[in-house]
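Residue 160 in the UniProt record's numbering sits at position 160 of the sequence shown, and the numbers go up by one each step.
Reviewing the structure listed below.
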Amino acid sequence: MEFGILGPLRVRTDGREIAIPGRKQRTLLAALLLARGDVLSDERLTALLWGQRPPATVSAQLYTYVSRLRQRLGAAVELVREPAGYRLGIRDAVFDAAEFHRLSRAGHRALRENRPDVAARLLHAALDLWRGPSLGGVTDQLRAAETPQLDEARMTALESRLEAELALGEHRQLVAELTGLVARFPLRERLRAQWMTALYRCERQAEALAVYQEGRRLLAEELGVDPGPALTATHHAVLSGGLALDGPSRAAALPGAAAAP
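Here it is as structure tokens:
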């Protein structure tokens with residue numbers, strides 16, 4: 001059995017999709033999956049399903065949703081009532097969020113260990129698990145609670161994948177992708193430093209400096225801060241010619257270090 005939340009909620013077994021009807025029922029399943037085997041209290045589930053206005057029959061409705069999930073998922077999972085709430089055990093089923101975190105952690109570790117080829121392969125595999133915006137088809141309350149950390153983990157994996165590919169000398173192939181990413185996320189300093197590195201290694205030093213100046217202006221206007229250490233170091237390296245055309249940039253930070261809020 002396979003469970004997916006990195007996109008619309010999806011459940012499959014033997015290649016066949018199992019429909020989970022109803023936003024509340026999908027939210028219940030997604031919340032229990034994200035608990036990773038821990039108990040979710042009735043109070044927490046109520047807040048995720050109904051927000052600040054639960055129905056008077058909330059306990060009965062929770063029981064009904066759990067019973068329907070048990071019927072649809074069958075013996076492949078263990079969905080049990082505990083004294084304080086409900087717990088889901090998925091046994092040997094595949095959960096895409098858990099697999100993403102496993103692959104991305106291994107990729108970050110390989111990058112720290114100066115194994116960019118391994119890092120790039122692992123991080124590509126992690127990012128390929130995403131089918132779109134996470135947690136599609138669930139309540140706004142669950143999305144508000146869970147998507148920020150999921151999206152940040154995705155962005156950090158993407159930045160590390162780009163770092164690994166820069167270390168492998170793929171700067172020419174990355175310029176266009178980085179141009180689009182910085183346009184979408186102009187305050188992420190690590191992406192901007194990587195764009196500067198790729199431009200510099202393509203012998204476009206003036207453009208790399210312009211990218212820094214634009215970032216400095218945006219950070220001051222939007223957040224009232226100066227560029228952080230990683231972006232500043234990349235700027236100095238561009239000015240001094242310190243970004244080798246045939247080697248990795250050491251000015252760009254490792255996961256999360258230079259990301260603006």
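Cβ coordinates follow ideal geometry from the N, Cα and C atoms, glycine included.
Starting from residue i, follow the alpha helix (DSSP H) in both directions and report where the run begins and ends.
i      : result
Glu214 : Gln205 to Leu223
Thr179 : His171 to Arg184
Leu34  : Arg23 to Leu34
Leu231 : Pro229 to Ser240
Across which residues does DSSP place residue i in a beta bridge pair?
i      : result
Ser41  : Gly85
Phe100 : Phe100 pairs with nothing; no bridge assigned.
Arg190 : Paired residue(s): none; Arg190 is not in a bridge.
Ser78  : In the sequence as displayed, the identity of residue 78 is Glu instead of Ser. Paired residues: Gly89.
Are the beta-carbon atoms of residue i and residue j separated by less than 9 Å?
i      : j      : result
Ala220 : Asp226 : yes
Ala193 : Leu231 : yes
Leu158 : Leu129 : no
Arg91  : Leu79  : no
Gly89  : Val39  : no
Thr139 : Leu49  : yes
Glu2   : Val94  : yes
Gly137 : Arg36  : no
Once the 5 residues before and after residue i are set aside, which same chain residues still bring their CB inside 7 Å of it?
i      : result
Gly247 : Unreliable placement is indicated for Gly247, whose pLDDT of 42 sits below 50; no coordinate value is reported for it.
Val175 : Ala198, Leu199 and Cys202
Ala47  : Gln141
Near residue i, which residues of its chain fall below 6 Å by C-beta distance, leaving aside the five closest residues on each side in sequence?
i      : result
Arg109 : none
Taking CB distances under 9 Å as the criterion, tell me whether residue i reaches chain B.
i      : result
Leu127 : Going by chain labels, chain B is absent from the structure shown, which holds only one protein chain.
What are the start and end residues of the beta strand (DSSP E) that includes residue i?
i      : result
Val11  : Arg10 to Thr13
Glu165 : It is not in any beta strand (DSSP E) - Glu165 instead sits in the alpha helix (DSSP H) that spans Asp140 to Ala167.
Just confirm the distance between the C-beta atoms of residue i and residue j, as a whole number of angstroms; I'd bet it's less than 8 Å.
i           : j      : result
Leu150      : Ala30  : The Cβ separation is near 11 Å, so there is no contact.
Glu189      : Gly215 : 7 Å
Glu146      : Leu34  : 6 Å
Ala76       : Gly107 : Ala76 to Gly107, Cβ: 29 Å. No contact.
residue 262 : Leu209 : For the chain, the structure presents residues 1 to 261; residue 262 sits outside this window and is missing.
Considering only residues of the same chain and omitting the five flanking positions on each side of residue i, which have a CB-CB separation below 8 Å?
i      : result
Ile20  : Leu9, Val11, Arg26, Leu29, Leu69 and Arg72
Ser249 : Confidence at Ser249 is low in this model, with a pLDDT of 42, below 50, so its placement is unreliable and the value that follows should be read with caution. For Ser249, where only same-chain residues beyond five positions count, the Cβ hits under 8 Å are Glu163, Leu166, Ala167, Ala193, Gln194, Thr197, Thr234, Ala237 and Leu243.
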